[in-house]
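Residue 58 in the numbering used here sits at position 59 of the sequence shown; the count goes up by one each step and never skips.
What follows is a single structure, written as structure tokens, with notes after it.
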Amino acid sequence: MECHKCGTPIPAGEERSYHDTILCEDCYMDVLSPARACDPWAVRSAGLSARSGDSLEGSAVQQRILSLIQKNNGMSIADLAERLAVKTGDVEREIAALRHMEKVRATLRDGKKIIVPW
Ligand SMILES: [Zn+2]
């Protein structure tokens, strides 16, 4: 059994169900916690995605991701993180936003996940 949110394997009997999903203890606390709204990171992410939804420009990092994958005809998230000197998790978040805007998509190349222009 894996957490539907973060993918962490959950020991038998310790899974928590929330609506239709199975969550690990951490994520369950996360969804239930009223302190979530006070989490500066959550608020910042929400602000970021709201902004990029409003504008066609996206963030500066998103622009750099787009130009890199266009120039290189697709790159892996690890390569993007290295080229942009940001954390893999940050790249993944930007990619998720870009996918949402239908600017990039993921494809498999030689068994590796590669981000390519939409
Ligand atoms: Zn989890």
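All C-beta atoms, glycine included, are put in the ideal place defined by N, C-alpha and C.
Values in this document were obtained by computation on a predicted structure and should not be read as measured data.
Since E93 and Q61 should fall inside the 8 Å C-beta cutoff, what is the C-beta to C-beta distance between them, to a whole number of angstroms? 5 Å
Assigned secondary structure, A96 (DSSP; H/G/I helix, E/B strand, else coil): Here DSSP, grouped into helix, strand and coil, assigns A96 to helix.
Residue burial classification, M74 (beta-carbon count within 10 angstroms, cutoff 16): With 16 or more Cβ atoms within 10 Å of its Cβ, M74 is classed as buried.
C-alpha distance - V103 paired with S66, whole-angstrom precision: Distance from the CA of V103 to the CA of S66, rounded to the nearest whole angstrom, comes to 11 Å.
Would S97 be called buried (16 or more neighbouring beta carbons within 10 Å of its own) or exposed? The residue asked about is misnamed: residue 97 is Leu in this sequence, not Ser. L97 comes out buried.
Which of helix, strand or coil does DSSP assign to S58? coil
Closer than 7 Å to a non-hydrogen atom of ligand 1 - does that hold for the CB of D25? yes
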